[in-house]
Each structure stands twice: as structure tokens, then as C-alpha cells.
Amino acid sequence: IKLRRHYTKDDDDNYDISPVQAILRIDMALDHKKLPSSSDVEIMLRPGRLGRRRAVLKRILNDCFDLRGKCVPPSGDIGNERGFLFVTKASIDELGSFVLAKMSERVSKE
């Protein structure tokens, strides 16, 4: 009987992982002071009802990038004078794309 499966960061079968499992994996990475996998964040951002998305994205910004408060650039307003959005006021799509952009910046610098 196969009880556990060991996932790597570049699994092609990401549809085997549910958004709830992705959140648990993100929490585990953050608990161990590591940057979560961007594929887990993408899985968590799939359409559907999921209550902890904002809290998890907020925790990634806080723990990994030391960002909080008014730090999210509004989508589609690049170069606009509108400024930044609060983490609590940004849409999940804006927050998710900002977190993924910050994560890819961090990975490209390493």
C-alpha cells in the first residue's frame, strides 16, 4: 500500500494536489522559515471556495519579504499615481500575483 507520496517542487501532476494540501505545505514551509513553492501558491489560487487564502498570502509577505500594510501595487495601474493597496483591501488576484512576482524575484536573485 502506498501511503505517502514525496513531492518535488517541479511535479508535473500538480492537479493531484488539492488547494487545501497546498496551503498545508505552504504553512509547513513558513513554519520552517523557508520560501514556499510557487507551484503551491498557484494551486492555492485556483478558482474555488477556500477561506484561508488571504491569511496565507499575507503571512508569506510578512514572513518571507517583511512586507505588511500598504505594499500591494494595484493591477493594471502600473505607472499610475494611485499608489499601493493595503494587503487587507487588495483582491485575492492582485495579492496572489504580487506574491508570485516577489517569489520569482527572490528565486532569480539566488
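Using the working numbering, you'd call the opening residue of the sequence shown number 147 and step up by one each time.
Idealized CB from N, CA, C, for every residue including glycine.
Below 6 Å CB to CB, which residues in the same chain sit around residue i once its five sequence neighbours on both sides are set aside?
i, result
"A175", "P182"
"S237", "none"
Can you find the residues in the same chain that come closer than 7 Å, C-beta to C-beta, to residue i, ignoring five residues on each side of it along the sequence?
i, result
"R252", "L181"
"I189", "N160, I163, P165 and A168"
"P208", "It should be pointed out that residue 208 corresponds to Asn in this sequence rather than to Pro. Taken in chain order, the residues that qualify are R214."
Could you pull out every residue in the same chain whose Cβ sits closer than 8 Å to the Cβ of residue i, ignoring the five residues on either side in sequence?
i, result
"F283", "Outside the modelled stretch of the chain, which goes from 147 to 256, sits residue 283, for which no answer is possible."
"L195", "It is worth fixing the name first, because residue 195 is Arg in this sequence and not Leu. So the list is empty, once near-sequence residues are dropped."
List the residues that DSSP assigns as beta-bridge partners of residue i.
i, result
"F244", "DSSP output for F244 lists no bridge partner at all."
"V218", "L231"
Are the CB atoms of residue j and residue i within a distance shorter than 8 Å?
i, j, result
"G229", "L191", "no"
"V218", "F244", "yes"
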